[in-house]
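Chains A and B supply the protein sequences, listed in that same order.
FYI, numbering that gives the first Met the number 0 numbers position 221 of the first sequence as 220, with every residue one higher than the one before it.
FYI, numbering that gives the first Met the number 0 numbers position 260 of the second sequence as 259, with every residue one higher than the one before it.
Cβ coordinates follow ideal geometry from the N, Cα and C atoms, glycine included.
As the structure is a computational prediction, the values presented were derived from the model and not from experiment.
Structure first, then comments.
There are 2 protein chains.
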Amino acid sequence: MAQKPGIPKGTRDFSPAEVSKRNYIINAIKRHFQTFGFQPIETPSFENLDTLMGKYGEEGDRLIFKILNSGDYLSKVRDDLYQTKDANKIALKITEKALRYDLTVPFARYVVMHQNDITFPFKRYQVQPVWRADRPQKGRFREFYQCDADVVGSKSLWQEVEFVQLYDAVFSSLNLDGVTIKMNNRKVLSGIAEVIGAKEKLIDFTVALDKLDKIGEEGVKNEMLQKGIAEEAIQKVQPLFGFTGSNKEKLQQLKELLSSSEEGTKGVEELSFIIEAIESLGLKSASLDIDVTLARGLNYYTGAIFEVAPPKGVQMGSIGGGGRYDDLTGIFGLKDVSGVGISFGLDRIYLVLEELNLFPETVSKQLDVLFINFGEKEALQAMRAIKVLRSKGVNAELYPDAAKMNKQMKYANKRDIPKVIMIGEQELNEQTFVLKDMKEGSQETHSFDHIENLF
Amino acid sequence: MAQKPGIPKGTRDFSPAEVSKRNYIINAIKRHFQTFGFQPIETPSFENLDTLMGKYGEEGDRLIFKILNSGDYLSKVRDDLYQTKDANKIALKITEKALRYDLTVPFARYVVMHQNDITFPFKRYQVQPVWRADRPQKGRFREFYQCDADVVGSKSLWQEVEFVQLYDAVFSSLNLDGVTIKMNNRKVLSGIAEVIGAKEKLIDFTVALDKLDKIGEEGVKNEMLQKGIAEEAIQKVQPLFGFTGSNKEKLQQLKELLSSSEEGTKGVEELSFIIEAIESLGLKSASLDIDVTLARGLNYYTGAIFEVAPPKGVQMGSIGGGGRYDDLTGIFGLKDVSGVGISFGLDRIYLVLEELNLFPETVSKQLDVLFINFGEKEALQAMRAIKVLRSKGVNAELYPDAAKMNKQMKYANKRDIPKVIMIGEQELNEQTFVLKDMKEGSQETHSFDHIENLF
């Protein structure tokens, strides 16, 4: 009996139309990565297990797809361990490789391995799939692309300025106007922690503050009190509850609020540099907005933190994010290499463009013209024309069989082919062809020599 | 202690220069796939284990990378099986997914799964990595790209004609002139088997015949006799030992030789159709050559067989291959769908272009211009210029720190950046910039407004 075909849960097939739309986004991202001076690298789909394990926390370790060793993989498991049937411990004996979980750790591994061939600062981009054994759900997959750009080996804040410009350039070129680039700084968050006198309460604090829009000032304060943040501490950061206005006004408030914290003050200075440079240089269609509740991967980032929100009115989480992290490569033995990078969320950007109907009509166009097949001699003449058209970059095709006209035209309609060319016996004898416009239904006869001027 | 970083054997990191060169080839292939009317699809990196197992023979099954189930994967292994410690049988209980071994089986699975959404004939291309647990050796990797184009649902020989043209178009556009497209037909091989009266000796026969150049007619005949092919049978196919001349001459010889075999005669007719069409249409730079020793994947192909040899003088195996196969989708329950397809060998094409020095110089160019950083104010002015240049598609970058001039120029040299622009205090005040040509060493001063006319 034949197998009923299926694919593993959390994975996807992409149809021609979907591949074309995804490539439209990926190409826009890559094009701008390049104009910004980033260079492409690619790393293997699987890494040595010990390169990945322990880098993403306990939860991350469990979500890494491990590859079973080839051959008699059980021979490396000692009998006493085998008898324990301990899945976790035995896994370490029967697997040596694992699928890439993100692009950041492989990048760090790459930088350390190739440090003698790299000119620092090293600006690299990487657009490749990653795999996570996550529970699949709407918009979350077990195989998905990451689109990352990072700079390592430079502490200059111009990098942060460039990443804001890069987000603006990419989203503008996709005609996705009105995105908000939210920016924060780890040092500002540290400053707030200092001021409220409780480092360990910082996450509770920012989570509560983030609900200001929804539950109002009283609601937020109540939540903070419940989480054990002192009333006095909340009073000290009162300005954060009316934290609106322009970025300049926000910076002024933060400056005053954090004046007693050296680290916090440093964070405000960094934010100011970036904000001022961007104001001077201008953005095409995005807005830049300071958001002190932004804390993605708190333990990871050490300076700037970015996150991009889709245009207002679109129900969707962030479509990009990133930040600065010190000592990325330390785990692999190369110290003091500061890095900063951003990522584009391909799947979500796709959904947003789909929802706002922003994919150009031409993006999934596959074929420009179909030649009807009237038999061997006529088909040969059609192939002469097709050869000329293809060499000019036109996507052209002969219907493979001399099937009934009706069937061939149906094929043209189903594939949404805009133009059809007919060379029957009469046209062959007269060295002409008939061009039919499938949208308008009109048709014209041309001289065969005219073919190369057609597109 | 820090980990010493490495990558699994048989896998590769690709540097920016390597990625650029690989993309140069991939883009040429994709561009021509498209002009020939092929549509892109993508399938998941891993498939259900039972989609892949049993499709590539026993050896193939062993070379498939299996992915360990997540969670307590051992709980599905019954104790009596567990105690056998039988690696093969237990593998089937602790793995459900496996990495793609080629693009053909996933394509067949795709066609069957999506048959109601597909318009036949379906011309698809697919450029994605595949994985094999092969012993790594020079030029053979455990992760490598396949670049495939196939048509399913058409028995028309025009498809074969197009694939010959497609090879010619791609290799011509890569300036790789002088490749030989070798062509054979499974039915011709069957005819030969009939004539020598021994189907099971066909592989021995073609393997021996293939050595004609090296060991001469006597050597080949001796080998055939040793393999148990009757002297009388060898006499019957004597013309194959002097099988030279034009394709037309070869076809004439084959026609006579195989006149007693119905299937063989059919094969000669198919070859004739393709040869005649190609002679009438012409090729740009490749040659098409009938080769009756060509038998790749004998059990797989049912009609045309293709293989592309690099230009004479290059020591390298085939750089492409393919053929027609009936009933590709039968294993997944969709009968009577004939397919024909070809593949490009990316890694080998890369090595050939490298050896013949055929990569254009511009292919690994990463940055057009570097702006020297003289400090905050000057850098801001540089960023204004950079913004203009990038919006015009120029790859431009500011050196991130106001480091010593010497260090910045070293960076430009190491990265092979052709032009450097300097905006120091004086230039800022005078609204000018200094453009330095790094190759010629010359430098000129321009008005700042001139920047957008620069590239």
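- In the structure shown, residue 47 of chain B falls within a strand segment according to DSSP collapsed to helix, strand and coil.
- For residue 143 of chain B, the three-state secondary structure derived from DSSP is strand.
- Inclusion of residue 7 of chain B and residue 39 of chain A in the CB contact set at 8 Å is not warranted, their separation being larger than that value.
- Residue-level contact by beta carbon holds for residue 66 of chain A and chain B, with a gap shorter than 8 Å.
- Put simply, the CB of residue 33 of chain B is near chain A, with a gap under 8 Å to one of its CB atoms.
- Here residue 432 of chain B is actually not in contact with residue 401 of chain B; their C-beta atoms are around 17 Å apart, not less than 8 Å.
- Under DSSP, residue 446 of chain A forms a beta bridge with A/431.
- Secondary structure of residue 95 of chain A (DSSP, three-state): strand.
- Between the stretch 161 to 181 of chain A and the stretch 288 to 308 of chain A there are three or more C-beta pairs closer than 8 Å, enough to call the two in contact.
- Between the stretch 282 to 294 of chain B and the stretch 132 to 150 of chain B there are fewer than three C-beta pairs closer than 8 Å, too few to call the two in contact.
- Around residue 153 of chain B, the same chain offers 120 as residues with beta carbons nearer than 6 Å, after the five sequence neighbours per side are excluded.
- Cβ proximity to chain A below 8 Å picks out nothing from the stretch 282 to 304 of chain B.
- At a beta-carbon threshold of 8 Å, the residues of chain B lying near residue 392 of chain A are 30, 34, ordered along the chain.
- For residue 182 of chain B, the three-state secondary structure derived from DSSP is strand.
- Put simply, the backbone Cα of residue 126 of chain A is about 34 Å away from that of residue 158 of chain B.
- If you draw a straight line from the Cα of residue 143 of chain A to the Cα of residue 112 of chain A, it is about 26 Å long.
- Within chain A, the C-beta atoms nearer than 9 Å to that of residue 413 of chain B come from 118, in chain order.
- When the five nearest sequence neighbours on each side are left out, the beta carbons in the same chain lying within less than 6 Å of the beta carbon of residue 211 of chain A are those of 219, in order along the chain.
- Residue nearest to residue 414 of chain B within the set B/367, B/319, B/261, B/377 is B/367 (criterion: CA-CA distance).
- The beta carbon of residue 172 of chain A is closer than 6 Å to those of 27 in its chain, skipping five residues each way along the sequence.
- According to the DSSP secondary-structure assignment, residue 369 of chain B is paired through a beta bridge with B/396, B/419.
- Under a criterion of Cβ atoms nearer than 7 Å, no residue of chain A is adjacent to residue 162 of chain B; the nearest Cβ is some 12 Å distant.
- Going by beta carbons, residue 318 of chain B and residue 344 of chain B fall inside the 8 Å limit.
- Nearest CB-CB separation between residue 177 of chain B and chain A: not below the 8 Å threshold.
- When DSSP states are grouped into helix, strand and coil, residue 308 of chain A belongs to the strand group.
- When secondary structure is reduced to three states using DSSP, residue 151 of chain A falls in the strand class.
- Non-local beta-carbon contacts of residue 161 of chain B in its own chain, meaning distances under 7 Å to residues more than five positions away in sequence, involve 35 in chain order.
- Per the DSSP secondary-structure output, residue 130 of chain A pairs in a beta bridge with A/142.
- At a C-beta separation below 9 Å, residue 395 of chain A has these neighbours in chain B: 34, 35, 36.
- Under the DSSP assignment, residue 339 of chain A falls in the beta strand (DSSP E) whose first and last residues are 338 to 343.
- Residue 324 of chain A: member of the beta strand (DSSP E) spanning 319 to 324, first to last residue.
- The Cβ-Cβ distance between residue 232 of chain A and residue 196 of chain A falls below 8 Å.
- Secondary structure of residue 89 of chain B (DSSP, three-state): helix.
- Between residue 267 of chain B and residue 239 of chain B, the CB-CB gap reaches or exceeds 8 Å.
- In terms of beta-carbon proximity, residue 50 of chain A lines the interface with chain B, with at least one pair separated by less than 8 Å.
- Annotation for residue 19 of chain B: the continuous alpha helix (DSSP H) segment containing it runs 15 to 34.
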